[in-house]
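Per the numbering used here, the sequence shown runs over residues 45 to 163.
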Amino acid sequence: MMANLFLGILLLSLLMASVFQIRSSLIHGCCGGSERTKRVLIDDRDLSHYPYKADLMIAGMHCRNCAIKAENTLNSIPGVYAKVNLETGMAEIHMKTIQSTELLCDAISRIGYSAHPAD
45 MMANLFLGIL LLSLLMASVF QIRSSLIHGC CGGSERTKRV LIDDRDLSHY
95 PYKADLMIAG MHCRNCAIKA ENTLNSIPGV YAKVNLETGM AEIHMKTIQS
145 TELLCDAISR IGYSAHPAD
């Protein structure tokens, strides 16, 4: 009798923990933990200052936090202003000086996603 009660409490605890995890994922996205990822804004957002452009396809993003993480990573490269679209998986990258697509793709792969130049 006591063993059944203990087992019941254990199963109920596991079920409650699972429900809270699923709820958190639905509210905050798959990769955000308990907080949303904050977008890092760059100072110079005037596109006329960025004469070079590249488009990357990014695979592996599942939520808003993933897209912001990829965008923040690209924007941390000096002279780069990027916008990432989660729905299309596309990163539109504006650059003040030419950056190799290999450098841009490597930056994305370092955070756990894969990227390649868009056709």
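A virtual CB, placed ideally from N, CA and C, is assigned to each residue, including glycine.
Computed from a predicted structure; not experimentally measured.
Rounded to the nearest whole angstrom, the C-alpha separation of I155 and I53 is 39 Å.
M46 sits in a helix when the DSSP states are folded into three classes. Of the residues assessed, L56 falls on the exposed side of the cut-off, its CB having fewer than 16 other CB atoms within 10 angstroms.
Shortest Cα-Cα distance from M105 to any of L49, H138 and N129 involves N129. About 14 Å separates the beta carbons of P161 and L118, which is beyond the 8 Å limit, so they are not a contact pair. In the DSSP assignment, L100 falls within the unbroken beta strand (DSSP E) covering Y96 to A103.
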